[in-house]
Amino acid sequence: MSAFTVQDNSYRSLKQESFGPGEVLNYRIHYGIFNAAKATMTVSDKIYKLNDRPCYRIDIKGSTSGAVEMFYQVDDRWGTYMDTAALIPHRFYRFIKENKYRKNEIVDFDQKTGKAHVTYLSKDSKTVENKNSFQVPQNVLDLVSGYYFFRTLNFDSYNPGDQVDLSGFFDDEVYKFQLRYLRKETIKTKLGKMEAYVIAPVMPDNEVFDGEDSIEAWISADKNRIPLKIRAKMFIGAVEVDITSVEGLKNDLGDI
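Residue 142 in our numbering sits at position 137 of the sequence shown, and the numbers go up by one each step.
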């Protein structure tokens, strides 16, 4: 439902008014009343250039907190260099530290030729262990750029049950990311009462999440389209992510 034109061997051009350089979103992740982790989503205040294209650098950092940190330590960083006009990634990276587990990689996208070049790094991320290349579809997204791309959608033009399909690349595989629009409602947040669009990723049957629409996200129904809340219903209970503070919004909070 996004309108854009694409010419052969060129980049699409999309207009977005939802986010910009300098934006910072902070979140609390909790299980009931117990804090489990904190996360920060940051759009760098500097514009970078990759593949001769201007890019936002977007970082998502997450780490455990509270009592959880005593027995399980997480310190993850995910990021993307996202084309400011085409809203597609030119580079994705993730540096994962979860107890003794480590996974570090960089993915360079050649969107013109439809290639994803993956560099696998050592546990200390200082040396290259392997490289591989994969064919990807036009305008493919990574997890971080996909998350921000959804913020550019005009959900006012959607009806409950409408679905968005996008192509993504993650863990050396191309996948179809599907998102369903559910409804619009008012919720209480640390930022005050806000109108929000409620959306849900279409999840395959699995042993972790509990049924259809097991993950729901509330996106502010203003120009910023901030992720306000996420609730994941799992068989062991519900985990929630709630916004705690914001900085550097592109638009005044609540503007529509």
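The C-beta atom is built at its ideal place from N, Cα and C for all residues, glycine as well.
With respect to Glu-221, Ile-34 sits apart: the two C-beta atoms are not nearer than 9 Å. Using a C-beta cut-off of 8 Å, the stretch 129-138 makes no contact with the stretch 28-48, since fewer than three inter-stretch Cβ pairs fall below that distance.
In the structure shown, Gly-84 falls within a strand segment according to DSSP collapsed to helix, strand and coil.
In the structure shown, the three-state DSSP call for Gly-71 is helix. Considering only Lys-195, Ser-250, Ile-235 and Glu-200, the residue with the shortest C-alpha distance to Pro-206 is Ile-235. In summary, Thr-85 is buried, with 16 or more beta-carbon neighbours lying within 10 Å of its beta-carbon over all protein chains present. The secondary-structure analysis by DSSP pairs Lys-128 with nothing; it has no beta-bridge partner. In the structure shown, Gly-37 adopts coil according to DSSP, grouped into three states. Rounded to the nearest whole angstrom, the CA to CA distance from Gly-71 to Asp-57 is 43 Å. Approximately 16 Å separates the beta-carbon atoms of Ala-121 and Tyr-16; this is outside 8 Å, ruling out the contact. Fewer than three beta-carbon pairs drawn from the stretch 135-142 and the stretch 156-163 are found closer than 8 Å, and the two stretches are therefore not classed as touching. The alpha-carbon separation between Ala-226 and Phe-100 amounts to approximately 32 Å.
Boundaries of the alpha helix (DSSP H) around Phe-154: 148-155.
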